[in-house]
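Residue numbers (the numbering used here): 14 to 328. A virtual CB, placed ideally from N, CA and C, is assigned to each residue, including glycine. What follows is a short report on a single structure.
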Amino acid sequence: MATAVVATAFGGPEVLSLVEVPVGQPGPDEVLIEVRAAGVNPVDYKIYAGVYGTDPSSLPMRLGYEASGVVRAVGEGAEGPGGPLHPGDEVIAYPVRGAYATDLVAPASSVLAKPAGLSFEQASGLMLTGVTAAHAIHATNVGVGDTVVVHGAAGGVGLMVVQLAVNARARVIGTANENNHDLLRRLGAEPVSYGEGLLDRIRALAPDGVDAAIDCVGTDEAMDTSLALVADRGRVATIAAFKRGTEAGVKVLGMGPGGDPGAELRAAARVDLLRLAEKGMLKVVVAATYPLSEVAAAHKALATGHTRGKIALVS
Ligand SMILES: NC(=O)c1ccc[n+]([C@@H]2O[C@H](COP(=O)([O-])OP(=O)(O)OC[C@H]3O[C@@H](n4cnc5c(N)ncnc54)[C@H](OP(=O)(O)O)[C@@H]3O)[C@@H](O)[C@H]2O)c1
Numbered sequence: 014m015a016t017a018v019v020a021t022a023f024g025g026p027e028v029l030s031l032v033e034v035p036v037g038q039p040g041p042d043e044v045l046i047e048v049r050a051a052g053v054n055p056v057d058y059k060i061y062a063g064v065y066g067t068d069p070s071s072l073p074m075r076l077g078y079e080a081s082g083v084v085r086a087v088g089e090g091a092e093g094p095g096g097p098l099h100p101g102d103e104v105i106a107y108p109v110r111g112a113y114a115t116d117l118v119a120p121a122s123s124v125l126a127k128p129a130g131l132s133f134e135q136a137s138g139l140m141l142t143g144v145t146a147a148h149a150i151h152a153t154n155v156g157v158g159d160t161v162v163v164h165g166a167a168g169g170v171g172l173m174v175v176q177l178a179v180n181a182r183a184r185v186i187g188t189a190n191e192n193n194h195d196l197l198r199r200l201g202a203e204p205v206s207y208g209e210g211l212l213d214r215i216r217a218l219a220p221d222g223v224d225a226a227i228d229c230v231g232t233d234e235a236m237d238t239s240l241a242l243v244a245d246r247g248r249v250a251t252i253a254a255f256k257r258g259t260e261a262g263v264k265v266l267g268m269g270p271g272g273d274p275g276a277e278l279r280a281a282a283r284v285d286l287l288r289l290a291e292k293g294m295l296k297v298v299v300a301a302t303y304p305l306s307e308v309a310a311a312h313k314a315l316a317t318g319h320t321r322g323k324i325a326l327v328s
């Protein structure tokens with residue numbers, strides 16, 4: 014048996030509970046993983062809050078799309094995107110369903126070797142944010158010599174966008190609360206505070222103009238500022254303002270209404286992210302870890318919208 018988190022109703026974190034669930038042996042092309050950490054993402058609480066619908070047949074609902082852990086058993090023919098898998102391998106599993114659990118059977122196509130330099134907590138937070146960031150960098154064609162503004166630069170996705178853009182040798186201006194400015198500087202970005210006067214502050218930093226903008230927060234301020242700074246709407250992207258972004262004709266990325274899911278690009282990006290992490294060129298900042306039993310507290314913390322980097326659930 015495994016211990017897993019389920020949402021038993023639609024609502025706030027009070028609908029979450031721990032249950033015992035059977036774990037079978039892995040079938041063909043499947044892998045049984047002993048989960049060490051699960052990455053916590055805003056989608057995890059939005060889904061049981063009813064943001065994407067309230068179909069009662071989806072209850073009770075398992076949660077969590079990414080995990081790290083140790084392979085315990087391998088089904089026939091199971092090979093991951095990075096090669097064959099063996100019992101004892103330390104791995105990342107993404108995308109999966111039900112990552113908030115002590116044990117998990119995952120499709121082998123979602124299981125990749127964990128970079129040795131990442132802890133399990135860090136590894137559990139690499140992929141969902143990383144592939145989203147890779148999609149945003151690709152969609153806005155950010156490269157050598159570009160100046161790019163990243164809104165919400167200190168969040169899970171924002172920190173990944175910052176690092177990928179710096180690796181691409183772009184100049185990165187990132188909006189964040191002042192207490193995150195040192196972190197952004199250490200990662201190679203120029204921080205700027207969001208709020209009244211943002212546009213003027215960015216123009217003062219980049220008098221020669223801004224080539225691209227990536228919104229990782231979804232506020233009107235982020236969209237207004239991006240549109241005022243970047244003439245080419247094909248080089249403005251949002252991962253959070255689906256309605257506004259569609260109306261404005263910018264790149265809207267992800268599974269929301271009118272968004273480009275970018276499924277193939279995101280799947281392929283996983284191996285690139287692993288290589289960067291292995292070389293120490295991509296860090297995962299973990300703000301806090303919580304035991305599985307404190308999942309409600311973890312979701313309350315993330316829902317403040319002001320955590321720095323990732324939250325991990327450890328089992
Ligand atoms: N479309 C997709 O494929 C996709 C994928 C992943 C996530 N998302 C969505 O993208 C959003 C961000 O995800 P995440 O995982 O990065 O969330 P997160 O880790 O909670 O990060 C949110 C960040 O936003 C910053 N922030 C809060 N208010 C702000 C403001 N007014 N202006 C600028 N920054 C502000 C916060 O930093 P400070 O502390 O500095 O304020 C915080 O670090 C969520 O809505 C999520 O659901 C979409």
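Opposing strand residues paired with residue i [DSSP bridges]
i: residue 81; result: 50 and 105
i: residue 257; result: Its beta-bridge partners do not exist; DSSP assigns none.
i: residue 173; result: DSSP output for residue 173 lists no bridge partner at all.
i: residue 187; result: 163 and 204
i: residue 75; result: 19
i: residue 59; result: Its beta-bridge partners do not exist; DSSP assigns none.
i: residue 228; result: 164 and 251
i: residue 86; result: 45
i: residue 31; result: 18
i: residue 324; result: 53 and 301
i: residue 97; result: 92
8 Å contact criterion, which residue i and residue j should meet: CB distance rounded
i: residue 53; j: residue 325; result: 7 Å
i: residue 117; j: residue 62; result: That belief does not hold up - the Cβ atoms of residue 117 and residue 62 are roughly 23 Å apart, past 8 Å.
i: residue 152; j: residue 264; result: 4 Å
i: residue 3; j: residue 125; result: As shown, the chain starts at 14 and ends at 328. That puts residue 3 outside it, with no answer to give.
i: residue 114; j: residue 48; result: 6 Å
i: residue 41; j: residue 90; result: 5 Å
i: residue 202; j: residue 179; result: 7 Å
i: residue 26; j: residue 292; result: No, residue 26 and residue 292 are not in contact; Cβ-Cβ is about 37 Å, not under 8 Å.
i: residue 119; j: residue 44; result: 5 Å
i: residue 197; j: residue 189; result: 6 Å
i: residue 212; j: residue 238; result: 5 Å
i: residue 137; j: residue 51; result: 6 Å
i: residue 290; j: residue 139; result: 6 Å
Reference residue i, options the options, closest by Cα
i: residue 101; options: 123, 107 and 127; result: 127
i: residue 149; options: 129, 171 and 134; result: 171
i: residue 235; options: 207, 159 and 213; result: 207
i: residue 226; options: 166, 285, 104 and 267; result: 166
i: residue 296; options: 21, 244 and 174; result: 174
i: residue 160; options: 230, 187 and 144; result: 187
i: residue 287; options: 322, 131 and 299; result: 131
i: residue 59; options: 220, 23 and 323; result: 23
i: residue 46; options: 144, 164, 99 and 258; result: 99
i: residue 93; options: 69, 121 and 103; result: 121
i: residue 33; options: 306, 311, 192 and 310; result: 306
i: residue 273; options: 252, 194, 261 and 281; result: 252
i: residue 247; options: 233, 155 and 214; result: 155
i: residue 230; options: 318, 133, 136 and 68; result: 318
i: residue 105; options: 69, 143, 68 and 71; result: 143
i: residue 259; options: 240, 276 and 277; result: 240
i: residue 300; options: 204, 215 and 168; result: 168
i: residue 36; options: 217, 26 and 15; result: 15
i: residue 19; options: 211, 220, 290 and 57; result: 57
i: residue 182; options: 137, 138, 294 and 215; result: 294
i: residue 245; options: 262, 215 and 254; result: 262
i: residue 141; options: 327, 280, 302 and 310; result: 280
i: residue 158; options: 139, 185 and 145; result: 185
i: residue 216; options: 243, 195 and 82; result: 243
i: residue 249; options: 228, 275 and 191; result: 228
i: residue 163; options: 192, 209, 55 and 232; result: 232
i: residue 70; options: 50, 134 and 21; result: 21
i: residue 133; options: 302, 254 and 199; result: 302
i: residue 276; options: 17, 145, 103 and 55; result: 145
i: residue 30; options: 327, 193, 194 and 308; result: 308
i: residue 285; options: 95, 327, 194 and 195; result: 95
i: residue 327; options: 103, 135, 67 and 129; result: 135
Would you say the segment 62-75 touches the segment 85-97, given that touching needs at least three Cβ pairs under 8 Å? no
Taking only runs of the beta strand (DSSP E) that begin and end inside the segment 111-169, which ones reach a length of at least 3 residues, in chain order? 116-120, 124-126 and 160-164
Where are the alpha helix (DSSP H) runs, 4 residues long or more, that stay fully inside the segment 254-318, in chain order? 255-261, 276-291 and 308-316
Would you say the segment 105-117 touches the segment 262-269, given that touching needs at least three Cβ pairs under 8 Å? no
Counting only runs of 4+ residues fully inside the segment 232-256, write out the alpha helix (DSSP H) ranges in chain order. 233-242
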